[in-house]
Each structure stands twice: as structure tokens, then as C-alpha cells.
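Only one structure is covered here, and it is reproduced in the block below.
What follows is the structure, encoded as C-alpha cells:
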């Protein structure tokens, strides 16, 4: 995965790679994919996700860590579609 620093020095992610990784994650674990979408696209706090999903906040935190780790690995090792 290529992380590119932007003007402020923060890292940017290739959105095409992210979408591909999210689709792969959704095929493996739809609930993790939905969690990422709520956090990343919806900007929801962990407590809000817990309330919406009916899970404890501790469970949401564990699943969020798992999803982030999986996505980081998927972005660093994308599947070549060609």
C-alpha cells in the first residue's frame, strides 16, 4: 500500500484500494465491514456503534481493532486483479 503524505503531513489512502479491501472484508465478515463503514464513512463513535448494533462497547472496540488490522494488511498486500 502506498500511503502518501498530504500537505499537512497526514497520510492518505488510495480510495480504490480501500474500497476493494472493504469488499473483500465484507465477503469474509459483513459485520466488520459494516463497522468500518459506520466509523470511517459515518464518523460514528465506538459508543454510538455499540448502541446501534446492540453490542457492548468493549466488543465493538475489539472488533474495530480487528477490522483495522485486517484492513491495514489488505491495503499493504492488495490482490492483483490482472
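Residue numbers (this note's numbering): 390 to 471.
Note that the Cβ used here is the ideal one computed from N, Cα and C, for glycine as well.
Quiz item: Considering only C-alpha positions, which residue in the set 418, 416, 407 and 413 is nearest to residue 429?
Solution: 407
Quiz item: According to the Cβ coordinates, are residue 436 and residue 446 closer than 8 Å?
Solution: yes
Exercise. Return the CA-CA distance between residue 456 and residue 440, expressed in angstroms with no decimal places.
Key: 18 Å
Exercise. To the nearest angstrom, report how far apart residue 469 and residue 461 are at their CA atoms.
Key: 16 Å
Quiz prompt | Nonlocal neighbours in the same chain, by C-beta distance under 7 Å from residue 409, ignoring five residues either side | solution = 467
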